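Undergrad: After the structure tokens below, expect a handful of questions from me.
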Amino acid sequence: MYIRLLGGIEVVSAGGQPLHFATRKTSLLFAALVLAGPKGLRREKVAAMLWTGSGEQQARNSLRQALVDIRRLFPSTGNEAIRIEGNADTIWVVANDNEADIWIFDRNCQADDGASLAAAADLYRGDLLDGLPSPGEIDEWLAPLRANYTRKALDLAERLSLLPELGEREEQACERLAERLVTSDPCAEQAHRALIRVFRRHGRTNDAFRQFLACKEALKRELGVEPEEATRALIERIEAPMELKGSIADYGQPEAELSRLWKRRRLALSFRCRKSRRSRSCRSRT
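Per this note's numbering, residue 5 is the first one in the sequence shown, and the count goes up by one each step.
What follows is the structure, encoded as structure tokens:
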């Protein structure tokens, strides 16, 4: 049995068959219970969140019916990996800690080794419950959870990119995660930085500059701000090639913008050279 909430909602049986909920609110109820974990949710609270506008008795009846529908998918014989339990006040989901992607994701994000972090990155396929409408109070309840998982994913991408030794699997997981985050939010500066670092490791200077310019343009267009100093510093430390590969149009930026960046970096390099005793080495690099 497996539950996926990152990038949508999907529940797969032990036999590999997808399980389908009777209604959208039933799927939202199940997702909310998985997110709540062992502590569960108060019946009164979840009924009010999902059936806003209904009378108290009608909301309780709707909740009761939704729980019946969920239990039909997970019949409680005591041997199943997933089941719904509760008392007069609270309901909760009982499952193995490897049954839900968010539980595995949270656990792996707390690790320090590259393999665990890469596994967490592969689990993040998109925003929490992406594509599942959640109107009313349930959306207010889910909003901070969505923001929290997005923040965790951004931190994860940056942590992976900063590992002193980045293996092929870790690097690929980092790049895929950062690309997903940038696609979802072009202003996700941490994800842009992660990609720039990955490109730098392989000497992909043009790709690093292209990523920086995409970040710069998105921030200017959407927020009216410039990239953070941490982002600019990544580009300024790259040794400038003698000329750009490909046409200037490949960068999607005016030639003046690229020329300004190259000039700024050359000036910075010249300044460092003047301060260095190895003037001959510096002259050879410029």
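Where a beta carbon is used, it is the ideal one built from N, C-alpha and C, also for glycine. As the structure is a prediction and not an experimental result, all values here were calculated from the model.
#1: DSSP on V38, reduced to helix/strand/coil?
#2: Classify L45: buried if its beta carbon has 16 or more other beta carbons within 10 angstroms, exposed otherwise.
#3: Excluding five sequence neighbours on each side, which residues of the same chain lie with their C-beta closer than 6 angstroms to the C-beta of A18?
#4: Enumerate, from N- to C-terminal direction, the unbroken alpha helix (DSSP H) stretches of 4 or more residues contained entirely within the segment 169-208.
#5: In three-state terms, what does DSSP make of I239?
#6: Between E226 and C191, what straight-line distance do the alpha-carbon atoms span, to the nearest angstrom?
#7: When you compare the CB positions of T187 and F216, do they come within less than 8 angstroms of one another, or not?
#8: Per DSSP, what kind of secondary structure is M246 in: helix, strand or coil?
#9: Assuming the contact rule is C-beta atoms closer than 8 angstroms, G118 and E174 should be a hit. Round their C-beta distance to whole Å, please.
#10: Give me, in chain order, the residues of the same chain whose beta-carbon lies closer than 7 angstroms to that of A222; leave out the 5 immediate sequence neighbours on both sides.
#11: Any idea if P137 is buried or exposed, counting beta-carbon neighbours within 10 angstroms, 16 or more meaning buried?
#12: Which residues in the same chain have their Cβ closer than 6 angstroms to the Cβ of G12, if we skip the five residues on either side of it in sequence?
#13: Of the residues R241, V202, H196, L132, which one's Cα is nearest the Cα of G171?
#14: Let's test the definition: count the other Cβ atoms within 10 Å of the Cβ of L166 and tell me whether it reaches 16, buried, or not, exposed.
#15: For V16, list the residues DSSP reports as bridge partners.
#16: Closest by CA to H196, which one among N210, K220, N102, G207?
TA: On the basis of the supplied data:
#1: Three-state result, V38: helix.
#2: buried
#3: M5
#4: 172-188, 193-205
#5: In this structure, I239 counts as helix in the three-state DSSP scheme.
#6: 8 angstroms
#7: T187 places its beta carbon 8 angstroms or farther from that of F216.
#8: A caution first: M246 carries a pLDDT of 41, below 50, which makes its placement in the model too unreliable to give a value.
#9: 4 angstroms
#10: Once the five neighbours on either side are set aside, the close Cβ partners of A222 are P190, C191.
#11: Of the other Cβ atoms in all chains shown, fewer than 16 fall within 10 Å of the Cβ of P137; this residue is therefore exposed.
#12: Excluding its 5 nearest sequence neighbours in each direction, G12 has C-beta neighbours in its own chain below 6 angstroms: D134, G135, listed in chain order.
#13: V202
#14: exposed
#15: Y6, P22
#16: K220
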